[in-house]
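Asker:
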Amino acid sequence: MTKNQKLIQKILSGKSDANIKFTDLYNLLLSLNFDVRIKGSHHIFRKESIKEKINLQKDGKNAKPYQVYPVE
Numbered sequence: 530m531t532k533n534q535k536l537i538q539k540i541l542s543g544k545s546d547a548n549i550k551f552t553d554l555y556n557l558l559l560s561l562n563f564d565v566r567i568k569g570s571h572h573i574f575r576k577e578s579i580k581e582k583i584n585l586q587k588d589g590k591n592a593k594p595y596q597v598y599p600v601e
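Residue 530 is where the sequence shown starts when you use the working numbering, and the numbers rise one by one after that.
Right, here's the structure in full:
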């Protein structure tokens, strides 16, 4: 199982949202062909086939837990 597959399982379980590393989630979204735009501390991910955008911010080394949930 690859690192990205493990991260996807961790996100989908919903139990570890506070322990998702920002860089891991950032790299996962890039590997899924999302475009990123950075404005201040906000990293905004978009994909043509998906209407909603994903907004991520760092909380120390991790992504903010309430922002991990929409990635599901």
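Every residue gets a Cβ at the ideal spot worked out from N, C-alpha and C, and that includes glycine.
Between the Cα of L561 and those of I567, S570 and D553, spot the shortest distance and give me the residue it belongs to.
Answerer: For the purposes of this step, residue 561 is identified with residue 32 of the sequence shown, where counting begins at 1. The shortest C-alpha separation from L561 is found at D553.
Asker: For the beta strand (DSSP E) holding N584, just list the boundary residues, first then last.
Answerer: Along the sequence shown, one-based indexing puts residue 584 at 55. I579 to L585 is the span of the beta strand (DSSP E), which, as asked, contains N584.
Asker: For the alpha helix (DSSP H) that contains V597, what are its first and last residues?
Answerer: Here residue 597 is taken as the residue at index 68 of the sequence shown, counted from 1. First-last of the alpha helix (DSSP H) with V597: P594 to V597.
Asker: How far does the alpha helix (DSSP H) with I540 in it extend, from its first residue to its last?
Answerer: Residue numbering aside, residue 540 sits at position 11 when the sequence shown is read from its first letter. Its alpha helix (DSSP H) spans residues K532 to S542.
Asker: Please report how far the alpha carbon of T531 lies from the alpha carbon of Y555, in whole angstroms.
Answerer: For the purposes of this step, residue 531 is taken as the residue at position 2 of the sequence shown. For the purposes of this step, residue 555 is taken as the residue at position 26 of the sequence shown. Distance between the alpha carbons of T531 and Y555 is about 16 Å.
Asker: By alpha-carbon positions, which one of E581, F574, F551 and G569 ends up nearest to K587?
Answerer: Position 58 of the sequence shown, counting from 1, holds the residue named residue 587. Residue F551 is the option with its Cα nearest to K587.
Asker: Would H571 be called buried (16 or more neighbouring beta carbons within 10 Å of its own) or exposed?
Answerer: Translated into the one-based positions of the sequence shown, residue 571 becomes position 42. Per the 10 Å Cβ criterion, exposed.
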